Amino acid sequence: QVQLVESGGGLVQAGGSLRLSCAASGSVRSIDVMGWHRQAPGKQRELVARITNDGSTNYADSVKGRFTCSRDNAKNMVYLQMNSLKPEDTAVYYCYVHAYYGGDYWGQGTQVTVSS
2 QVQLVESGGG LVQAGGSLRL SCAASGSVRS IDVMGWHRQA PGKQRELVAR ITNDGSTNYA
62 DSVKGRFTCS RDNAKNMVYL QMNSLKPEDT AVYYCYVHAY YGGDYWGQGT QVTVSS
């Protein structure tokens with residue numbers, strides 16, 4: 002089992018920046034991929050960014066060039082630096098990890114609201 006706790010969400014004006022953090026605990030040695038999903042009201046949850054254990058990253062097209070996902074394996078942390086935020090980035094952001102044995106774990110979510 003892996004437990005995840007996010008922090009860093011909030012309210013920001015369009016064009017601003019926020020940095021989300023996620024701390025993993027529990028069976029951290031089983032963690033392979035870490036990343037972030039988001040879910041806006043009335044929409045399905047979507048992948049925002051993911052980073053593998055060796056540092057390879059993937060991003061949703063809508064955030065490429067604006068968001069950066071990074072991780073600190075020594076601290077069992079994953080981060081999402083969000084720049085040039087847009088109102089359409091408003092959503093609940095969920096940290097997630099994928100374990101080597103196939104399990105997926107989710108944080109409780111943190112609200113990000115971008116005002117126009």
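Letter by letter, the sequence shown follows residues 2 to 117 in this note's numbering.
All residues carry an ideal CB built from backbone N, CA and C; glycine is no exception.
Since we're looking at a predicted model, the values are computed, not measured.
Quick check on residue i: does DSSP put it in helix, strand or coil?
i	result
R30	helix
D73	strand
L105	The residue asked about is misnamed: residue 105 is Asp in this sequence, not Leu. Of the three classes helix, strand and coil, the one that applies to D105 here is strand, per DSSP.
Among residues of its own chain, excluding the 5 on either side of residue i, which ones have a beta-carbon nearer than 6 Å to its beta-carbon?
i	result
D90	V115
Y80	S22, S71
R46	H38, Q40
Just confirm the distance between the C-beta atoms of residue i and residue j, as a whole number of angstroms; I'd bet it's less than 8 Å.
i	j	result
S57	Y102	The pair is not a contact, with the Cβ atoms about 20 Å apart (cut-off 8 Å).
A41	A75	With a Cβ gap of about 33 Å, A41 and A75 do not count as contacting.
V3	V29	7 Å
Apply the 10 Å Cβ neighbour rule to residue i and answer buried if 16 or more other Cβ atoms are within range, or exposed otherwise.
i	result
V6	exposed
G36	buried
G11	exposed
G108	buried
Spatial neighbours of residue i within its chain, please: C-beta separation below 8 Å, excluding the five flanking residues on both sides.
i	result
M78	S22, C23, A24, A25, R72
A61	E47, L48, V49, A50
Given 8 Å as the limit, tell me if residue i has its C-beta closer than that to any heavy atom belonging to the ligand COA.
i	result
V64	This structure lacks the ligand COA; in fact it carries no ligand of any kind.
At the 9 Å Cβ level, is residue i part of the contact set with chain C, yes or no?
i	result
Y60	The chain labelled as chain C is not found in the depicted structure, where only one protein chain is given.
Which same chain residues end up closer than 7 Å to residue i when comparing Cβ atoms and leaving out the 5 residues on each side of it in sequence?
i	result
S85	G16, R67
K87	A15, V115
Are three or more beta carbon pairs between the stretch 55 to 73 and the stretch 91 to 100 nearer than 8 Å? no
Using 8 Å as the threshold, is the stretch 51 to 58 in touch with the stretch 15 to 27, meaning 3 or more CB pairs across them? The stretch 51 to 58 makes no contact with the stretch 15 to 27: fewer than 3 CB pairs, one atom from each, lie closer than 8 Å.
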